[in-house]
Amino acid sequence: MTEPGPRCEPGMRIEFDPTARATTVTFRGRVKTLSGLFASEEQARRAGETYCRVMGWNPKVAAVPVHSLLAHRLRPVS
76 MTEPGPRCEP
86 GMRIEFDPTA
96 RATTVTFRGR
106 VKTLSGLFAS
116 EEQARRAGET
126 YCRVMGWNPK
136 VAAVPVHSLL
146 AHRLRPVS
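Residue numbers for the sequence shown follow my numbering, so the first one is 76 and each next one is one higher.
The following block contains the structure:
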């Protein structure tokens, strides 16, 4: 499994299966299996990052945490 680096979005994950020589990418709630018969984990990671770029990921932009606008309404009243 490839651990997400500091430039990855929260929840972004690229996993390499050496037996099947495939990679599974989780990005923005979508799970996609790329079965390209990758020879190495490095090739699989690059393919996973390419898929994420096509889906809108920009590694040069820092991920901004999302805060709920309703969080203050969900707190119990004391």
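Heads up, the beta-carbon is just placed ideally off N, CA and C, and yes, glycines get one too.
Query                                                               : Result
CB contact flag (Ala114, Thr98, <8 Å)                               : no
Coil, strand or helix - Arg120 by DSSP                              : helix
Beta-bridge pairing of Val106 - partner residues as DSSP gives them : Thr101
Cβ-Cβ distance between Arg128 and Ile89 below 8 Å                   : no
One or two residues paired with Phe113 in a DSSP bridge             : According to DSSP, which records beta bridges pairwise, Phe113 is partnered with nothing at all.
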